[in-house]
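Chains A and B supply the protein sequences, listed in that same order. The C-terminal position of the first sequence is numbered 278 in my numbering, with every residue numbered one higher than the one before it. The C-terminal position of the second sequence is numbered 484 in my numbering, with every residue numbered one higher than the one before it. Every residue, glycine too, gets a C-beta built ideally from N, C-alpha and C.
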Amino acid sequence: MIAGHEFLDHTGELELRVWAPTLEALFAEAGRALREIELPAVSPAYPTSRRTVSVRAPDRAALLVEWLNELIFLAERDRWVAAEFGPGVVAESEARFEVTGVEAPAAPSEVKAATFHNLRLQPLDGGWQADVILDV
Amino acid sequence: MSDSIVSAAKRLSAVLYEIPVTARPGMRVPARVFADERLWERLATDRSLEQLVNVATLPGVVGHVLAMPDVHEGYGFPVGGVAAMRREDGVVSPGGVGYDINCGVRLLASELEAAAVQDRIEAVVHDLSRSIPSGPHANRALSLTREELDRVLEQGVPALVERGLATEDDLAHTEAGGALPGADASAVSARAKDRGHDQLGTIGSGNHFVEVQVVDEVFDDAAALAYGLRKGQLAVLIHTGSRGLGHQVCTDYVRELDRVMPRYGITLPDRQLACAPLASPEGQRYLAAMAAAANFAWSNRQAITHAARRVFDRAFGRQGTLRLVYDVAHNIAKLERHQDAETCVHRKGATRAFGPSHPETPAAYRTVGQPVLIPGSMGTASYILAGQDAAYEASFGSCCHGAGRALSRGAAKRSRSGTEVRRELQARGIVVRCSSNEELAEEAPHAYKDVEAVVSVVHQAGLARKVARLRPLGVIKG
């Protein structure tokens, strides 16, 4: 399975479907999908910087929501849009990644939050698939 | 799922359907949907009714859960949903308010005849677009210190009077006087404050906008007179909310309540409905944070008002004075007395519509009822309605909030490009200022339901009656 994502039709919001061979690859792919919305065009001229981003939650599905909400928060507060995801670990209740972010010249496009509505994270064909609805 | 709900529903009148409590196990009260036949048929195409039925399972819900004619699929609650919970044993759900806490609308009326200043509209719209940050942009001119922000969160619009950004008259014409009681800045996280401190006076993105409009039809002369509206008058409509601050408050409390629900023995059909008893410390803390975010949203629309007034003053001098007709929320939870019980009414994509006899209707509007502001989609007509006393019984004093989406953002973009939408609006004589063609395509008029059909349903249902219609002359979008 090769990691990928698509945006499904939802009347009010944006429904993100992500799939990947491992949980770590799935979290990284979800981060890349978010970047596509927040900063569709990344110029090589934009400065980049690395950070360690970590989140905790009571279960894996909630962990994915927390992960996206953390990236949304960093993009809005710091104008730092997570773009490349280095080594990472996704455990039962914690995720931690080395992330390279783009320092956006202007504020990135607004994503309000990742929601719990119809949230799914499940094994599929030897890998993992998740559905998460973003409020945009 | 929706099929079985639709087949269980009964039509009670030309504009009202009921889904009985037996439609699905776990429902505590029936659900009612204000819709005509055509709007009802469209509801079966998304998950709005399923979401409405989920809300009917929440502890302490009273009467009926309600969907307004502009209802569409959201997350947790449907957008266009109303539910009242008993204070003694009911719950409060951040998902029942939404991420954009106190998203709402305010109408400003000038004394100018639009026809007399037609040749200056483009310049005014241009100046508005330069004076009011939109899209994701911050308002560096009004960046608040932490102390100033806390004052806005706890005091609301009254905190802006001393800064010269608001008047006493503005307070009298804002729902709740622009200050929800019980707001506590310490219940709002540092993260929420970080997101919001430089966003006061900004429109944001999505379906938010500032429009220059003309009153192009008056349906009720007496009510229009009470609101100070007349045909041909130039006006400004503002639609925005609590920006990143409100988004973060909702994120914080959905997370917190999701984790404490087991402690209160609450199980839900949808995790996004995460809730806590109104009487619990967590429920109380969310209400205090939500009230603070609501105060921020009212202050945001007030700061935009101040900027718009300066633009009109530059363009027209004293004649351009913008008087606040009303400001009303459509994403909020409020403590109100209904059906002989103290309740917490969740309005998510629904507008309060109190009639003439309600004490919270502003004194100047007691003969006709509270103004209910219904923005159309970008570039289409907006309506001013008057709340009716019958709404108090029928809908916990609530009404629709807009046209309601009919197409997803993706479908809207596939059917017409932003360039085409911009050209169509301009061909209708509407000045457009929007830096993103993509946003324009997503919010195109054809992506929304017919606002006239939506308004006609609430008028027929007796929730609010039509007073006036406004047509856009200029649009500023995020």
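Are the CB atoms of A:L206 and A:L176 nearer to each other than 8 Å?
-> Within the first sequence, residue 206 of chain A is the residue found at index 64, counting from 1. Within the first sequence, residue 176 of chain A is the residue found at index 34, counting from 1. Not in contact: A:L206 and A:L176 (Cβ atoms no closer than 8 Å).
To which residues of the same chain is B:R277 closer than 7 Å at the C-beta, ignoring the five residues directly before and after it?
-> What you label residue 277 of chain B is simply residue 271 of the second sequence in a count that begins at 1. Excluding positions up to five away in sequence, the list reads D264.
Taking all protein chains shown into account, do 16 or more other C-beta atoms lie within 10 angstroms of the C-beta of A:T194, making it buried, or fewer, making it exposed?
-> Here residue 194 of chain A corresponds to residue number 52 of the first sequence, with the count starting at 1. Exposed, because fewer than 16 other Cβ atoms sit within 10 Å of the Cβ of A:T194.
Report the three-state DSSP secondary structure of B:D333 (helix, strand or coil).
-> Residue 333 of chain B sits at position 327 when you count from the first residue of the second sequence. Strand.
Reducing DSSP to helix, strand and coil, say where B:K199 ends up.
-> Mapped onto the second sequence, residue 199 of chain B falls at position 193. B:K199: helix per DSSP, three-state reduction.
What residues in its chain sit with their C-beta under 7 Å from that of B:V427, if we drop five residues either side in the sequence?
-> Here residue 427 of chain B is taken as the residue at index 421 of the second sequence, counted from 1. If the five residues before and after B:V427 are omitted, its C-beta is found closer than 7 Å to the C-beta atoms of L446, A447, A450, all from its own chain and listed in chain order.
Closest residue to B:R307 among B:D176, B:E399, B:Q254, B:Y371 (Cα-Cα distance) = To locate residue 307 of chain B, count along the second sequence from 1; it is residue 301. Minimum Cα distance to B:R307 is reached at B:D176.
With a cut-off of 8 Å on the beta carbons, I'd call B:S140 and B:G484 a contact; round off their distance for me.
-> Within the second sequence, numbered from 1, the residue matching residue 140 of chain B stands at position 134. Within the second sequence, numbered from 1, the residue matching residue 484 of chain B stands at position 478. About 4 Å separates the two Cβ atoms, so the contact holds.
Where does B:E262 fall in DSSP's three states?
-> Locating residue 262 of chain B in the second sequence gives position 256, where the first residue counts as 1. Reduced to three states, the DSSP call for B:E262 is helix.
So, is the C-beta of B:T257 closer than 8 Å to a C-beta in chain A?
-> Working through the second sequence from its first residue, we reach residue 257 of chain B at position 251. Output row for B:T257: interface = yes.
Any C-beta of chain A under 8 Å from that of B:A144 = To locate residue 144 of chain B, count along the second sequence from 1; it is residue 138. Interface with chain A (8 Å Cβ-Cβ cutoff): B:A144 is included.
Interface positions of the segment 235-246 of chain A facing chain B (Cβ-Cβ less than 8 Å), listed along the chain = none
Indicate whether B:G238 and B:A120 have their beta-carbon atoms separated by less than 8 Å.
-> Sequence index remark: in the second sequence, residue 238 of chain B carries index 232 (1-based). Sequence index remark: in the second sequence, residue 120 of chain B carries index 114 (1-based). Against a cut-off of 8 Å, the Cβ pair of B:A120 and B:G238 comes out as a contact.
Residues sharing a beta bridge with B:T273, DSSP | To locate residue 273 of chain B, count along the second sequence from 1; it is residue 267. Note: B:T273 sits in no beta bridge, so no partner.
Which residues in the same chain as B:P75 place their Cβ atom closer than 6 Å to its Cβ, once the five residues preceding and following it in sequence are excluded?
-> For the purposes of this step, residue 75 of chain B is taken as residue 69 along the second sequence, with counting starting at 1. Closer than 6 Å at the Cβ level, and outside the excluded window around B:P75, lie F40, A41, L45, C406, V460, V463.
From what residue to what residue does the alpha helix (DSSP H) around B:Q219 run?
-> Translated into the one-based positions of the second sequence, residue 219 of chain B becomes position 213. From DSSP, B:Q219 is part of no alpha helix (DSSP H) but of the beta strand (DSSP E) over 215-224.
Measure the C-alpha to C-alpha separation of B:N145 and B:R169 and round it to an integer number of angstroms.
-> By 1-based counting over the second sequence, the position of residue 145 of chain B is 139. By 1-based counting over the second sequence, the position of residue 169 of chain B is 163. Roughly 16 Å separates the two Cα atoms.
What does DSSP give as the partner residues of B:V461 in its beta bridges?
-> As a position in the second sequence, residue 461 of chain B is number 455, starting the count at 1. DSSP lists no partner for B:V461.
Using the C-alpha atoms, what's the distance from B:L279 back to B:Y3?
-> Summary: the structure shown does not reach residue 3 of chain B, with chain B confined to residues 7 through 484, and so no result is reported for it.
If you drop the 5 nearest sequence neighbours on each side, which residues of the same chain put their C-beta closer than 7 Å to that of B:E262?
-> Within the second sequence, the letter at position 256 stands for residue 262 of chain B. Counting only Cβ-Cβ distances below 7 Å, and skipping sequence neighbours, we find E288.
Cα-Cα separation between B:R242 and B:L328, rounded to whole angstroms = For this step, residue 242 of chain B is matched to residue 236 along the second sequence. For this step, residue 328 of chain B is matched to residue 322 along the second sequence. The amino acid occupying residue 242 of chain B in the given sequence is Val; Arg does not appear at that position. Straight-line Cα distance between these residues: approximately 8 Å.
Three-state secondary structure (DSSP) at A:R262?
-> By one-based count along the first sequence, residue 262 of chain A stands at place 120. Strand, per DSSP.
Can you grab the Cα-Cα spacing for the pair A:E157 / B:D125, in whole Å?
-> As a working mapping, residue 157 of chain A is identified with position 15 in the first sequence. As a working mapping, residue 125 of chain B is identified with position 119 in the second sequence. Distance between the alpha carbons of A:E157 and B:D125 is about 44 Å.
Where the segment 149-177 of chain A meets chain B: residues whose CB sits under 7 Å from a CB there | F149, D151, H152, T153, G154, E155, L156
Listed by chain order, chain A residues near B:H78 by CB distance under 7 Å = In the second sequence, counting from the first residue as 1, residue 78 of chain B sits at position 72. What B:H78 touches in chain A: T153, G154.
Using a beta-carbon distance below 8 Å, is A:I275 in contact with chain B?
-> By one-based count along the first sequence, residue 275 of chain A stands at place 133. So yes, A:I275 belongs to the interface.
Cβ-Cβ separation, B:V216 to B:I482 (assumed contact under 8 Å), whole Å = Stepping through the second sequence from its first residue, residue 482 of chain B is reached at position 476. Stepping through the second sequence from its first residue, residue 216 of chain B is reached at position 210. Going by Cβ atoms, the distance from B:I482 to B:V216 rounds to 5 Å, so yes, they are a contact pair.
Closest to A:A233 by CA distance: which of A:R159, A:H152, A:F169, A:T153 is it?
-> Along the first sequence, read from residue 1 onward, the residue named residue 233 of chain A stands at position 91. Among A:R159, A:H152, A:F169, A:T153, the Cα nearest to that of A:A233 is on A:F169.
With a CB to CB cut of under 6 Å and the five nearest residues on each side skipped, what residues in its chain are close to A:L137?
-> No answer is possible for residue 137 of chain A: the residues shown for chain A start at 143 and end at 278.
For the putative contact between B:G101 and B:V221, defined by C-beta atoms under 8 Å, what is the C-beta separation to the nearest angstrom?
-> As a working mapping, residue 101 of chain B is identified with position 95 in the second sequence. As a working mapping, residue 221 of chain B is identified with position 215 in the second sequence. So it is not a contact: roughly 37 Å between Cβ atoms.
Residues within the segment 252-274 of chain A neighbouring chain B, beta-carbon criterion of under 7 Å | Against chain B - using a Cβ distance shorter than 7 Å - the residues of the segment 252-274 of chain A are E252, K254, A255, T257, F258, H259, L261.
Proximal chain C residues relative to A:A249, where beta-carbon distance stays under 8 Å | As a matter of chain content, chain C is missing from the structure shown, whose protein chains are A and B.
Burial state of B:K354 (16 or more Cβ within 10 Å) = Position 348 of the second sequence, counting from 1, holds the residue named residue 354 of chain B. Buried, by the Cβ-count rule.
What is the DSSP secondary structure of A:D273, counted as helix, strand or coil?
-> On the first sequence, residue 273 of chain A is found 131 positions in, with the first residue counted as 1. Correct three-state label for A:D273: strand.
B:P287 by DSSP, collapsed to three states: which one?
-> Your numbering for residue 287 of chain B matches position 281 in the second sequence. Helix at B:P287.
With which residues is A:A138 paired in a DSSP beta bridge?
-> Absent from the structure is residue 138 of chain A, since the part of chain A shown begins at 143 and ends at 278.
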